[in-house]
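*Asks:* So that we are looking at the same thing, I have put the structure below in structure tokens.
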Amino acid sequence: MEDYIIEMLHITKEFPGIIANDDITLKLRKGEIHALLGENGAGKSTLMSVLFGLYQAENGEIKKNGNVVKINNPNDANDLGIGMVHQHFKLVEIFTVLENIILGIEPNKLGFLQRKKAREKIIMLSEQYGLKVDPDALIENISVGMQQRVEILKMLYRDNEILIFDEPTAVLTPQEIDELMEIMRGFAKEGKSILFITHKLNEIIAVADRCTVLRKGKLIGTVDIKDTTKEELSRMMVGRDVLLKVDKKDSKPGNVVLSIKNVTVPSKTHRNNAVKNVSFDVRTGEIVCLAGIDGNGQTEFIQALTGLEKMSGGRITLCGRDITKASIRTRSKAGMSHIPEDRQKHGLILDYTLEQNLVLERYWQPEFQTCNFIKDREVRYYAEKLIEQYDVRSGQGPVTTVRSMSGGNQQKAILAREIDKDHELLIAVQPTRGLDVGAIEYIHKQLVARRDAGKAVLLMSLELEEVMNVSDRILVMYEGEIVGEFDPKSVTVQELGLYMSGAKRQMAKEIEHAVI
Amino acid sequence: MQSFDIKRVTKSKGFSAFTAALLAIFLGLVFGFIIMFAASPENSLSGFQMVLFGGMGRLGDVFYFATPILMTGLAVGFAFKMGLFNIGASGQYTMGMFFALYVGFMWDLPAGIHWVAAIIAGMVGGLLWGLIPGIFKALLNVNEVITSIMFNYIGMYLVDMLIQGNAKMYISTKTRTAYLPDSVQLPALGIANSSVNVSIIIAIIIAVILFIVLNKTTFGYELKATGFNKHASAYAGMNGKRNIILTMAIAGAMAGFGGAFAILAPSTILGSSMTYEPINVIAANGFNGIAVALLGNSSPVGIIFSALFISYIQRGGTLASLFGFKPEIIDVVIAVIIYFSAFAMFMNTVVVKLFKKHKKEEV
């Protein structure tokens, strides 16, 4: 019999209306890196939450070193040596690294904080695993990658030996990802066991020893990485063959549709400008991608472009019309379609029905109203047409409350609405965020179809794979400036990563040259 | 032919809001009874019976007292549909009263037109008092709760001052306004010993119109969209500022109507009228509107019923004093019932859960 440090046996966890985990067994060996792969909603996070004590399973048991244990809350998990790095870090921004690490188990003498001992331990751990973290830096001043290392140090400080990473690479640059992989290998070598949640196949192939695949709450299987391939894994994850590459012809850029000149946008969080003097053009028949690490001004730029926020300088021209100061409605009429970054905050009214959401940008058009009375029947016909054409799935069709729909179908509804509306420019902001492989494939196809139909597409994405696959031209944004312009066919991911992290930049002249 | 499907009815949103309201009312009644029992055990049963059924004998009064709170309920509920908390219904209501009184005393119009003009004047008064917080909210982003509370006081003191300074309207020896001319009093519906008048019909018609505006027009679509998610409505290019101002103005107009309906109601005693006493008190009917709107789930049609219900309970409560209950105890009981009724929203989720559990067991 093999030695397992953690065994999760026949775990079943139900939520109202859905079985999130259905009889799932996962066994973790000591000193291995075990990947947990699955689409969104496959039950990965639920399973890890059960292990970490955030949820209680209805059925099944958890064993540590062969003994049955009961984990009722994260403190129990911690006592058993289980630690977790959450996708969204749980750090106090205005505290130092040291203060964050000792939070909850502060060493004290008669109520007075004893920092010295804690500092020694942190420095020792940091050196041992090559984490290079400064214990006295404030969290708000360090990069996301460093913040993640603080989370990792939190686990080490508590002497955890089973480390759970929940999608740790989503926020990192390619270089930081490589370093994280190295750190994870170091842990495994030291005998710590790692559970690694992800849906990125490359990372699994690169670092994991074994991989457990979940699909729709069910266990598909556990495989050895050395005996498998990316294609095999993706088939297990999705249940069918998936095109990992987007199939598209060369672009044929035509006239300029959108022209950005020296746009500057003030920041809401600090005194500097979030977007500094940005200029570029988007033409018909091309997909231009704005790439960069989250928080480098892309969001502010898109909001200024779409009229959600004001800009402090520059000029925007759409199809020859100056829309610098135009209202959102005017921009929409001038031919701008916008798939927003946050689909639930901006893109949808969750308490409205699907049909009400599908006419969100068009309800005022004569087609849908006479004398300000909405034509219910026209709205219904239109909604039914879009639902069929774009395969938007929901419980009750046009009258489904959008809140009850899945993320993928919510996004499809937005996509249908924005594509079907008259437009010359489609702005898609992270259109595939949080979606599963099947839905991503569909949305990428639609974007390429828009391009081939002679529309201009501006895509903003944080996913490098998407950037490389879909776009015809890449603009890299760093600290509010465009620092490089590339052809995806002649640039590597590593090269892009250097620009995204600010290590390299093209001269303004080079960029201008590249535009021509 | 589509057959009547009971499941479809029970699943609908309106139904669960309705059952929730009923459940809330029931719990309120239970607690009300407990309080009456604690105050006076031997009289509690007969007293409580009065609370429950006393209104039956005075249906005219039930409708009469329901009218102003129906209008202030609409003032709160309509704004709430857009996510605005119009706590200033009292001030708007008082302004409505003043404008109606002013037209009643100072303008000489033929009968048949005079009361109509006074009602419209009342509406304009309330509209102005809703408009100002709306403008503050839209243009300067000042929280409407703060402005409208302040405007309750400003409105009340202003009206008291203006009335006391007007010799034609005010009788200082009696610290109240003079009797209004007959031409400006609303036509009664002819129920003996009751002031019930044509305004309840107007109020119900207004509520139905608001219902249509909310559910059938582009303005209603925008208004509810903004109430649900103001970011998405901005994203869709809706003019949020204009809609805020318009919504607050309409809400104010509703409360203004309410004030006019209350002060212009005919008196049951020949040769007299309703009067306004400038005694520096904020109109309670404005705050009752909040309870009415909550119980009615902010839906104009729901508000018609909740206004009638609250009025009904209040009539019954007044009659319970026949059994030796002090008016204060009765006020407490009514307040408890209304208070629990306001839990309707909370009950809503409870009911939905109960239904779901039940369904699961069936399977």
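Chain order of the listed sequences is A and B.
Going by the numbering used here, the residue at position 275 of the first sequence is 275; the numbering climbs one at a time, nothing skipped.
If you want the numbering used here, it's the 1-based position in the second sequence plus 1000.
Here a beta-carbon is modelled for each residue, glycine too, at the ideal position from N, C-alpha and C.
Let me see if you follow: with CB-CB separation under 8 Å, is K1326 (chain B) close to chain A or not?
*Replies:* Locating residue 1326 (chain B) in the second sequence gives position 326, where the first residue counts as 1. No, K1326 (chain B) lies away from the interface with chain A (no Cβ there is under 8 Å from its Cβ).
*Asks:* Less than 8 Å between the beta carbons of V150 (chain A) and V97 (chain A), yes or no?
*Replies:* Counting from one through the first sequence, the residue named residue 150 (chain A) turns up at place 150. Counting from one through the first sequence, the residue named residue 97 (chain A) turns up at place 97. Closer than 8 Å, so yes.
*Asks:* What's the C-alpha gap between E485 (chain A) and D472 (chain A)?
*Replies:* For the purposes of this step, residue 485 (chain A) is taken as the residue at position 485 of the first sequence. For the purposes of this step, residue 472 (chain A) is taken as the residue at position 472 of the first sequence. When rounded, the distance between both Cα atoms is 11 Å.
*Asks:* Tell me the residue span of the beta strand (DSSP E) that contains S259 (chain A).
*Replies:* Against the first sequence, residue 259 (chain A) aligns to sequence position 259. Taken as a continuous stretch (DSSP letters only), the beta strand (DSSP E) holding S259 (chain A) covers 256–266.
*Asks:* State the Cα-Cα distance for the pair V257 (chain A) and A334 (chain A), rounded to the nearest angstrom.
*Replies:* Translated into positions along the first sequence, residue 257 (chain A) becomes position 257. Translated into positions along the first sequence, residue 334 (chain A) becomes position 334. Roughly 11 Å between the two C-alpha positions.
*Asks:* Under the DSSP definition of a beta bridge, which residues are partnered with F486 (chain A)?
*Replies:* Indexing the first sequence from 1 puts residue 486 (chain A) at position 486. The partner list for F486 (chain A) (beta bridge, DSSP) reads A:I474.
*Asks:* If you check the beta carbons only, do S1273 (chain B) and Y1179 (chain B) fall under 8 Å apart?
*Replies:* Residue mapping note: residue 1273 (chain B) aligns to position 273 of the second sequence, counting from 1. Residue mapping note: residue 1179 (chain B) aligns to position 179 of the second sequence, counting from 1. Cβ atoms of S1273 (chain B) and Y1179 (chain B): closer than 8 Å.
*Asks:* Which residue comes first and which comes last in the beta strand (DSSP E) that contains M460 (chain A)?
*Replies:* By 1-based counting over the first sequence, the position of residue 460 (chain A) is 460. For M460 (chain A), the enclosing beta strand (DSSP E) stretches over residues 456–461.
*Asks:* Just the chain B side, please: which residues come within less than 8 Å of E361 (chain A) by C-beta, in chain order?
*Replies:* The sequence position of residue 361 (chain A) within the first sequence is 361, counting from 1. Those are A1236, G1237, listed as they occur along chain B.
*Asks:* Counting contacts by CB-CB distance shorter than 8 Å, is A20 (chain A) in contact with chain B?
*Replies:* Locating residue 20 (chain A) in the first sequence gives position 20, where the first residue counts as 1. No, A20 (chain A) lies away from the interface with chain B (no Cβ there is under 8 Å from its Cβ).
*Asks:* Kindly identify the DSSP beta-bridge partner or partners of Y1157 (chain B).
*Replies:* The residue you call residue 1157 (chain B) lines up with position 157 of the second sequence. Its beta-bridge partners do not exist; DSSP assigns none.
*Asks:* I'd like the list of long-range same chain contacts for G1227 (chain B), defined as Cβ closer than 6 Å, with 5 residues on each side in sequence excluded.
*Replies:* Residue 1227 (chain B) sits at position 227 when you count from the first residue of the second sequence. Excluding positions up to five away in sequence, the list reads K1081, M1082, G1083.
*Asks:* Does F1219 (chain B) come within less than 8 Å of chain A when only Cβ atoms are used?
*Replies:* The residue you call residue 1219 (chain B) lines up with position 219 of the second sequence. It does; some Cβ of chain A falls within 8 Å.
*Asks:* Just reading off the alpha helix (DSSP H) that G1252 (chain B) is part of, what are its end residues?
*Replies:* Along the second sequence, read from residue 1 onward, the residue named residue 1252 (chain B) stands at position 252. Run containing G1252 (chain B): 1240–1263, per the alpha helix (DSSP H) assignment.
*Asks:* For L1144 (chain B), count the other beta carbons within 10 Å of its own beta carbon; 16 or more makes it buried, fewer makes it exposed. Which is it?
*Replies:* Locating residue 1144 (chain B) in the second sequence gives position 144, counting from the first residue. Inspection of the sequence shows that residue 1144 (chain B) is occupied by Glu rather than by Leu. With 16 or more other Cβ atoms within 10 Å, it is buried.
*Asks:* Starting from A1232 (chain B), find everything on chain E with Cβ-Cβ shorter than 8 Å and list it in chain order.
*Replies:* Among the chains of the structure shown, chain E does not appear; the protein chains present are A and B.
*Asks:* Does any residue of chain A have a CB that is nearer than 8 Å to the CB of N1086 (chain B)?
*Replies:* Locating residue 1086 (chain B) in the second sequence gives position 86, counting from the first residue. No - not a single Cβ of chain A is within 8 Å of the one on N1086 (chain B).
*Asks:* Report back the beta-carbon spacing between M1254 (chain B) and A1066 (chain B) to the nearest angstrom; my notes put them in contact at under 8 Å.
*Replies:* Counting from 1 along the second sequence, the entry for residue 1254 (chain B) is found at position 254. Counting from 1 along the second sequence, the entry for residue 1066 (chain B) is found at position 66. With a Cβ gap of about 14 Å, M1254 (chain B) and A1066 (chain B) do not count as contacting.
*Asks:* Give me the residue from B:A1320, B:N1288, B:G1316 with the minimum Cα distance to Y1339 (chain B).
*Replies:* If you number the second sequence from 1, residue 1339 (chain B) lands on position 339. Y1339 (chain B) has its Cα closest to that of B:N1288, out of B:A1320, B:N1288, B:G1316.
*Asks:* Can a CB atom of chain B be found closer than 8 Å to the CB of F373 (chain A)?
*Replies:* By 1-based counting over the first sequence, the position of residue 373 (chain A) is 373. Taking Cβ atoms only, chain B reaches closer than 8 Å to F373 (chain A), which makes this a yes.
*Asks:* Measuring only the C-alpha atoms, how far is A1262 (chain B) from I1200 (chain B)?
*Replies:* Along the second sequence, read from residue 1 onward, the residue named residue 1262 (chain B) stands at position 262. Along the second sequence, read from residue 1 onward, the residue named residue 1200 (chain B) stands at position 200. Roughly 10 Å separates the two Cα atoms.
*Asks:* Would T12 (chain A) count as contacting chain B if we go by Cβ distances under 8 Å?
*Replies:* Taking the first sequence and counting its residues from 1, one reaches residue 12 (chain A) at position 12. Not one chain B Cβ lies under 8 Å of T12 (chain A).
*Asks:* Could you tell me the distance, in whole angstroms, from the CA atom of I1212 (chain B) to the CA atom of G1258 (chain B)?
*Replies:* If you number the second sequence from 1, residue 1212 (chain B) lands on position 212. If you number the second sequence from 1, residue 1258 (chain B) lands on position 258. I1212 (chain B) and G1258 (chain B): Cα-Cα distance of roughly 20 Å.
*Asks:* Tell me the rounded alpha-carbon separation between T330 (chain A) and K90 (chain A).
*Replies:* What you label residue 330 (chain A) is simply residue 330 of the first sequence in a count that begins at 1. What you label residue 90 (chain A) is simply residue 90 of the first sequence in a count that begins at 1. Cα-Cα distance, rounded: 41 Å.
*Asks:* I need the straight-line Cα distance from L350 (chain A) to E309 (chain A), nearest angstrom please.
*Replies:* For the purposes of this step, residue 350 (chain A) is taken as residue 350 along the first sequence, with counting starting at 1. For the purposes of this step, residue 309 (chain A) is taken as residue 309 along the first sequence, with counting starting at 1. Counting only the Cα atoms, E309 (chain A) lies some 23 Å from L350 (chain A).
*Asks:* For the alpha helix (DSSP H) containing G497 (chain A), name the first residue and the last one.
*Replies:* Counted from its first residue, the first sequence places residue 497 (chain A) at position 497. From DSSP, the alpha helix (DSSP H) with G497 (chain A) extends over 493–500.
*Asks:* Whole angstroms are fine: how far does the CA of S501 (chain A) sit from the CA of I1209 (chain B)?
*Replies:* Taking the second sequence and counting its residues from 1, one reaches residue 1209 (chain B) at position 209. Taking the first sequence and counting its residues from 1, one reaches residue 501 (chain A) at position 501. If you take the alpha carbons of I1209 (chain B) and S501 (chain A), they lie about 59 Å apart.
*Asks:* Can you pull the chain A neighbours of A1138 (chain B), defined as C-beta to C-beta under 7 Å?
*Replies:* Working through the second sequence from its first residue, we reach residue 1138 (chain B) at position 138. Result: empty, since nearest Cβ-Cβ is about 15 Å, beyond 7 Å.
*Asks:* Can you tell me whether DSSP reads N75 (chain A) as helix, strand or coil?
*Replies:* The sequence position of residue 75 (chain A) within the first sequence is 75, counting from 1. Helix.
*Asks:* Within the continuous beta strand (DSSP E) that includes S337 (chain A), where are the two ends?
*Replies:* Here residue 337 (chain A) is taken as the residue at index 337 of the first sequence, counted from 1. Run containing S337 (chain A): 336–339, per the beta strand (DSSP E) assignment.
*Asks:* For H10 (chain A) and L180 (chain A), I'd like the C-alpha separation in whole angstroms.
*Replies:* Taking the first residue of the first sequence as position 1, residue 10 (chain A) is located at position 10. Taking the first residue of the first sequence as position 1, residue 180 (chain A) is located at position 180. For H10 (chain A) and L180 (chain A), the distance between alpha carbons rounds to 31 Å.
*Asks:* D322 (chain A): buried (16+ other C-beta within 10 angstroms of its C-beta) or exposed?
*Replies:* In the first sequence, the residue the question calls residue 322 (chain A) occupies position 322. That one is exposed.
*Asks:* Mind pulling the alpha helix (DSSP H) runs of 4 or more residues that sit fully within the region 78–162 of chain A?
*Replies:* 97–102, 115–128, 144–157
*Asks:* Does chain B have any CB closer than 8 Å to the CB of I328 (chain A)?
*Replies:* Against the first sequence, residue 328 (chain A) aligns to sequence position 328. So, interface residue.
*Asks:* So, with DSSP's three-state summary, where would you put D250 (chain A)?
*Replies:* Here residue 250 (chain A) refers to the residue found at position 250 when the first sequence is read from its first residue. Three-state DSSP puts D250 (chain A) in coil, outside helix and strand.
*Asks:* Is there at least one Cβ from chain B nearer than 8 Å to P431 (chain A)'s Cβ?
*Replies:* Start at 1 with the first residue of the first sequence, and residue 431 (chain A) comes out as number 431. Closer than 8 Å: no.
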